[in-house]
Amino acid sequence: NYEEKYPEDAIYEETAPNARVWRTYEDESRIHDANMVEESRDNVDVLLVFAGLFSAVVTTFVVQTSQSLQPDYSAMSASLLYESVLVQRAIANGSSVDTIAPSPLSPNIAFVPATTDVWVNGLWFTSLFLSLTTALFAVLVKQWLHHYVVLPSGTPRERAFTRFLPFLMHLALAIFFAGLVIFLHPLQATLSWSICAATVVVYGAYMVATILPFLFPRCPYRMPLYDLVFFSFCWLIPRVSWEELWRSRRFGNIIIRHLPHLKRRKTRSESESVKQISENLAAEALD
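Residue 274 in UniProt numbering sits at position 274 of the sequence shown; the count goes up by one each step and never skips.
What follows is the structure, encoded as structure tokens:
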């Protein structure tokens with residue numbers, strides 16, 4: 001009951017910064033945010049576990065079926081060996097060697113995989129790609145939910161290492177996709193280019209989400225790479241000779257003039273929640 005929790009406001013102070021209506025609103029919004037984040041986090045956890053198990057199952061099938069996209073040299077050796085035995089038997093019996101049919105499997109014949117094998121591998125590799133992409137975005141959503149409700153804690157060095165770990169996982173997945181494209185190219189070029197295009201789209205969206213908080217400090221979609229990009233930008237801008245790059249200093253001067261404003265926006269966006277909660281705690285202590 002907010003009437004029992006907070007004292008009545010003085011006359012004409014009903015809309016003051018520490019009025020009862022704002023403190024009640026903050027309590028209700030905090031409860032709403034906590035419930036929303038908890039529900040979303042539970043759904044993402046279930047999705048992440050399913051994506052991991054599904055990826056493991058699909059990988060097991062893909063390892064077996066991908067062999068159908070390349071020549072089976074074991075079967076080729078067995079067929080050529082059988083043909084050699086037939087030739088030797090015909091010579092021993094005095095029969096004509098021309099009556100022996102040549103082996104249908106030969107290294108000189110270009111290998112063409114069956115249409116069904118191409119479709120099966122294409123569908124299963126696409127399924128594996130989508131499953132891993134789902135796992136990537138599930139991890140990102142968990143990071144966004146954590147950033148939405150948790151205040152900054154620990155030293156800057158500890159926070160930097162904590163933010164760097166998810167980036168390593170995202171980089172590992174990108175390297176895996178690149179290796180998958182290279183692996184599939186000699187087997188099936190069309191499938192390889194399809195996965196390459198999808199990978200570019202996914203990580204293009206990843207880079208856009210990295211840049212969005214740079215332009216809009218209140219953007220909730222903050223990537224682990226954002227801080228590194230921001231501080232690199234702040235370090236690079238004063239040191240770049242815009243006159244040599246664009247043959248005009250106007251563009252560089254505009255960015256340098258707005259750089260302090262960008263820094264203030266970032267600092268303000270990170271400290272607003274801390275200041276707000278500190279003021280509320282102080283007001284509750286006085287009550």
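Backbone N, C-alpha and C fix where the C-beta goes; we use that ideal spot for every residue, glycine too. As the structure is a prediction and not an experimental result, all values here were calculated from the model.
Using only the alpha-carbon positions, how far apart do residue 169 and residue 131 sit? Their Cα atoms are separated by approximately 15 Å.
What residue does the alpha helix (DSSP H) around residue 83 start on, and which one ends it? 73–93 is the extent of the alpha helix (DSSP H) around residue 83.
Give the single residue among 29, 5, 127 whose Cα lies nearest to the Cα of residue 55. The closest CA to that of residue 55, considering only 29, 5, 127, is found on 127.
For residue 100, does the three-state DSSP call read helix, strand or coil? In the displayed model, residue 100 falls within coil according to three-state DSSP, outside both helix and strand.
Can you tell which of 206, 28, 98 has the C-alpha that lies nearest to the C-alpha of residue 167? A check of alpha carbon separations from residue 167 across 206, 28, 98 identifies 206 as the nearest.
Given residue 143 as reference, the closest of 41, 31, 18 once Cα atoms are compared: Between residue 143 and the set 41, 31, 18, the nearest pair of CA atoms involves 41.
Inspect the beta-carbon positions of residue 199 and residue 177 and report whether they are closer than 7 Å. Closer than 7 Å, so yes.
Extent of the continuous alpha helix (DSSP H) run through residue 39: DSSP places residue 39 in the uninterrupted alpha helix (DSSP H) bounded by 20–65.
Spatially closest choice to residue 115 from 68, 146, 91, by CA coordinates: Checked all of 68, 146, 91; the closest Cα to residue 115 is 68.
Three-state secondary structure (DSSP) of residue 205: Three-state DSSP puts residue 205 in a helix.
Going by Cα to Cα distance, which pick from 16, 11, 6, 222 is closest to residue 137? The residue with the shortest Cα to Cα distance from residue 137 is 222.
Measuring CA to CA, which of 218, 58, 9, 74 is closest to residue 129? Taking only the C-alpha atoms, the option nearest residue 129 is 58.
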